[in-house]
Structures are given as C-alpha cells and as structure tokens.
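Residue numbers (our numbering): 332 to 741.
For every residue, glycine included, the Cβ atom is placed at its ideal position computed from N, Cα and C.
Working notes for the structure below.
Okay, structure coming up:
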C-alpha cells in the first residue's frame, strides 16, 4: 500500500534469498532505493537493505533454532542416561504386553487353540488352517492334518498345480512358528515339539546381480539345508530339481530326500511333480506319501484341497493349462504328444508308481530306479559269480555269455 505497486510480490529462492518482484509494466515505477537483482522475461526482481537485514535475521534464527534443539536434546539424553537400563526394561515390558494382548485378541477372534509344547522332535496338527489364505477367501477353508513322530519323519506330497500343496506346507510352518513363539494356533489341536529351525526351499527366482541362475539359487539353498538341518528341524522342500533336465532334477530330488531321511531325520514336507519320488515311501522306513485331492467334472478340474494318504492318481497338468487359458490348438497338440510319450514310456504317466501304502495299479511309465525285469536274470547271474574262482579264460567266456543273454532279451 505504501508503494502503490499492485503487482509487487515478495519471494525467496536459494540463489538470491528474499527478493521483491515487479511486473515489466511497473518495474519503471520502483522506488529509488530498490536495487535491481535479476531480470526475467516478464518481471524484474529487486532487493532493499531492509529486506536483506530481515533475511539475515530469518536465516540466522533458523540455525539458532536447530542449535537450540540439539542442545535441549543432548541435555535430555544426559538426564536420561542414568535411567536408561530402566527405560529399556520398561520398553521391553510394554512390547511384551502389546504382543501378548494381540495374541489373546487374535485367539478369541480367529478361534485359535492352545498348543501342547514338548521337548521331543515331533509335530502333530489336527485340522490345521492357513490364517492368511482363510481370511482372504470367501469359501470355507479346508483344514488338514499332519503328524511327525518317531515313526514318520518325511512326507512326499504330490498333486496338481493350484491344488494346495504349497499352502499346506506353509500353514504347517506357520503353526509351528506361532506355537513356539507363545501364540495360540489355527487348528483343532496341536502338539509342537522342540523345533530348532525352520528351513524352506520354496519358489523360483534367479540372482542377476550375483550371476546365479534359478537352478544355482535352488541348489545353494538346498545345500544350506542339508548342511545345517537337524532331527529337530522342520524342512519344507517344494519342487527340488525342476530347474534342470528331467533326469538330473529327479536324481537330485531323490538323493536329497533319501539323505534327509537316512542321515538327518528332520521333519520334512517334500512337494514334487516327480511321481518317481513316491517310491521313497516304500524304500525309506519313516517316509509316507500324501496327495492333494482333485476331481474332474464336465471336462473341468475341481480342487478339493484335502490332504489324503498315498500318491496322487493324476498330475492334471493339461487341465490346469486349460484352466489358465492356454489356446485349444496348443492343448490339442499337447494331448497328442503326451499320448505318444506315454505309449513309448518316455513321459510321466497319469498313474504313479505303485507303493505299499497306495495300493495303486502298475505304473505306465518306466521306473528309473528299479532294474528292468528282462535284465534281472543277468544281474542275478553276476551276483552269483565269484571273480576269485574264475580263470582268465572262464571270465572271458562268462562275459560273452552274459552279453549274448542281454542281446537275446532285447
């Protein structure tokens, strides 16, 4: 009002500090004590001695305020230093009350039960649930059981993709973790033993920064489990060996499961699409087969999400591909190719290997770990030979005889 300049503005930037801005039209009417500082396309900027004095006070007051705050903070820390141990105990107590009150609230709201804790390496869950999946689904959650004791240390889990294998494995680990931390658990009943660690090898991802492929990451994690797991550990293995060729992957998966069962004895959930691995249940004394149920209805697959004993009856791979929207032309080619592979014995059949606890029919696919029946006579003959009792001539004749026998059977 004192200058009668209608376009006058006061601004601030880090380069020029506080300034007075006038439009080009009124810049010529600026008072004589205005000092021109900057020329713009449509405006002129000025400063005055009074404005610079104000700027110095404003900027210095900000630094003084920060210095004052720092001084007060340091004084507060000095005063509290003597009581710091007490404050830490108080904070820890408040945190514990916060966690326990949340546990109590969740136990009431989510119908959780108090688990029985023991020192032995066991884990028994009746009608266990996955709280996160249950809360996100509109359909009733299908509860399942699992039992690890001295007689059962490993489960080989088969079933279709999207059938619930990973959910079942994760809920088992979550229930064990919740129970050991003092929380009630989502189950009808649970006994949780002394679990020292929970190991997981789930999912697939590479390490581009570290130059490691998906398979290398998978093998690194598997190696860590094999080196550090104990009988008191809970191990979750999902699709070991899928990052390489079928035979290599199957062999690694078989050896991993066998090593854990024979040398470690950890409580293990081993999910796989290799039906050959279901033979482990027959070869290892403390291993069993489980599968996630599914049914076909009107050429559609229906997932039941129920865990049953024995290996899966089908892989449902093509049905899941159809459910995902794979074009019919591709599915038709896949069906023809699968039929050809099954007829020649080069693909996993829809019926898995028979095992003592499954009672299933003879498999359509060849067994990679059992000698072919036509070679059994030759193998038996080799076992009956005592090399120390053979002369060089007899050894050569025996070798030719065995070779002729193999050629005749082929």
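May I ask whether a heavy atom of the ligand FAD can be found less than 7 Å away from the beta carbon of residue 593?
Looking at this structure, you won't find the ligand FAD or any other ligand, since it has none at all.
For residue 497, which residues of its own chain have a beta-carbon under 8 Å away from its beta-carbon, when the five flanking residues on both sides are left out?
533, 569, 602
Once DSSP output is grouped into helix, strand and coil, what is the label at residue 354?
strand
Of the residues 642, 637, 599, 583, the one placed nearest residue 610, counting alpha carbons only
642
Buried or exposed for residue 347, please, with buried defined as at least 16 other CB atoms from any protein chain shown within 10 angstroms of its CB.
exposed
With DSSP run on the structure shown, which of helix, strand or coil describes residue 691?
For residue 691, the predicted model reports a pLDDT of 40, less than 50, meaning its position is unreliable and no value from the coordinates is stated.
Mind checking whether residue 615 and residue 592 have CB atoms under 8 Å apart?
yes
Pick helix, strand or coil for residue 409, following the three-state DSSP scheme.
helix
Verify whether the separation of the beta carbon atoms of residue 649 and residue 635 is less than 8 Å.
no
Taking DSSP as the reference, what is the three-state secondary structure of residue 349?
strand
Rounded to a whole number of angstroms, what is the C-alpha to C-alpha distance between residue 482 and residue 415?
52 Å
Continuous beta strand (DSSP E) assignments of at least 3 residues falling wholly in the region 613-686:
618-628, 631-640
Enclosing alpha helix (DSSP H) for residue 504 [first to last residue]
496-511
Tell whether a beta-carbon distance below 8 Å holds between residue 499 and residue 651.
no
Using DSSP bridges, identify the partner residues of residue 595.
DSSP output for residue 595 lists no bridge partner at all.
Pick from 630, 675, 667, 665 that is closest to residue 654, judged by C-alpha positions:
630
Check for me: the beta strand (DSSP E) holding residue 742 runs from which residue to which?
There is no way to answer for residue 742, as the model of the chain reaches only from 332 to 741.
Since residue 577 is in the alpha helix (DSSP H), which residue starts that stretch and which ends it?
577-590
Can you tell me whether residue 510 is buried or exposed? The criterion is at least 16 other CB atoms within 10 Å of its CB, across all chains shown.
buried
Is there contact between the region 339-355 and the region 371-382, where contact requires at least three CB pairs shorter than 8 Å?
yes
Can you check which of these residues, 711, 722, 716, 719, is closest to residue 737 by C-alpha distance?
711
Can you tell me where the beta strand (DSSP E) with residue 368 in it begins and where it stops?
366-370
With DSSP collapsed to three states, give me the class of residue 603.
coil
Simplified DSSP state of residue 337, which is helix, strand or coil
coil
Kindly indicate the opening and closing residues of the beta strand (DSSP E) around residue 521.
520-523
If I'm right that residue 562 touches residue 595 with Cβ under 8 Å, what's the distance once you round it to whole angstroms?
7 Å
Is it buried or exposed for residue 364, if we count other Cβ within 10 angstroms and need 16 for buried?
exposed
By Cβ distance below 8 Å, which residues in the same chain neighbour residue 458 in space, the five residues on each side in sequence not counted?
474, 475, 476, 518, 519, 520
What's the call for residue 515, buried or exposed, on a 16-neighbour Cβ count within 10 Å?
buried
Rounded to whole angstroms, what is the Cα-Cα separation between residue 535 and residue 436?
36 Å
When we look at the beta-carbon of residue 645 and count the other beta-carbons within 10 Å, is it buried (16 or more) or exposed?
buried
Could you give the distance in angstroms between the alpha-carbon of residue 484 and the alpha-carbon of residue 530?
15 Å
DSSP-derived helix/strand/coil call for residue 467:
helix
Per DSSP, residue 375 forms a beta bridge with which residues?
353, 370
List in chain order: all unbroken alpha helix (DSSP H) runs of 4+ residues lying wholly within the region 408-489.
415-440, 462-467
Quick one: is residue 452 buried, meaning 16 or more other Cβ sit within 10 Å of its Cβ, or exposed?
buried
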